[in-house]
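Asker: Let me give you the structure first, and then I'll get to my questions.
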Amino acid sequence: MKLDPRERLSKGDEWNGSVLTIYLHAGTHVDAPWHHLNNGKGIDAVPIEDFIYRSPLLIDCPLGADGFITTAMLEAYEELHEADILIFNTGYWKYRDTDFKQYANHFPAVSPKLLNTSGRSCQTAKP
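FYI, the numbering for the sequence shown is 438 to 564, going by the numbering used here.
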């Protein structure tokens, strides 16, 4: 994160103003469909109701650089089929303050195979 002063009263500007620069993956977030699909919705087009969940499931899956969350990691969770959202704790958050370059460029992700099968595995999940 970087905060750069732009306008300053002390320099004769009419107000104090700054520019905030932040890396988008700097914390918990939601990717809009547009992030991965050319014709996907932008976050502004996703109804707020799509972000209300009744049966969240936290999946602990410690992973290293460029690791993948796999189907096998989910099999230990009996309540998987009742969840309407999965929250993955890879433990990779520990690099955000100590090695941001690694955090930003080599983060774990959901495996392509899991993405292709998750709709069948999580029948109560929201699209």
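The C-beta atom is built at its ideal place from N, Cα and C for all residues, glycine as well.
#1: Helix, strand or coil for residue 496 per DSSP?
#2: Quick check on residue 540: buried or exposed, where buried means 16 or more other Cβ atoms within 10 Å of its Cβ?
#3: Expressed to the nearest angstrom, what Euclidean distance is found between the alpha-carbon atoms of residue 450 and residue 444?
#4: Just to confirm, are residue 506 and residue 545 a CB contact at a threshold of 9 Å?
#5: Would you grab the beta carbon distance between residue 457 and residue 440 for me? Rounded to a whole angstrom, and I think it's under 8 Å.
#6: Compare the Cα-Cα distances from residue 492 to each of 530, 459 and 524 and report the closest residue.
#7: Let me check understanding here. Comparing Cα to Cα, which of 548, 526 and 538 lies closest to residue 499?
#8: Could you tell me the distance, in whole angstroms, from the CA atom of residue 471 to the CA atom of residue 519?
#9: Is it buried or exposed for residue 510, if we count other Cβ within 10 angstroms and need 16 for buried?
#10: What's the C-alpha gap between residue 515 and residue 552?
Answerer: With the given structure in hand:
#1: strand
#2: Residue 540 comes out buried.
#3: 6 Å
#4: yes
#5: 6 Å
#6: 524
#7: Closest option to residue 499, Cα to Cα, is 526.
#8: Residue 471 and residue 519: Cα-Cα distance of roughly 27 Å.
#9: Here residue 510 is buried. Its C-beta has 16 or more other C-beta atoms within 10 Å.
#10: 19 Å
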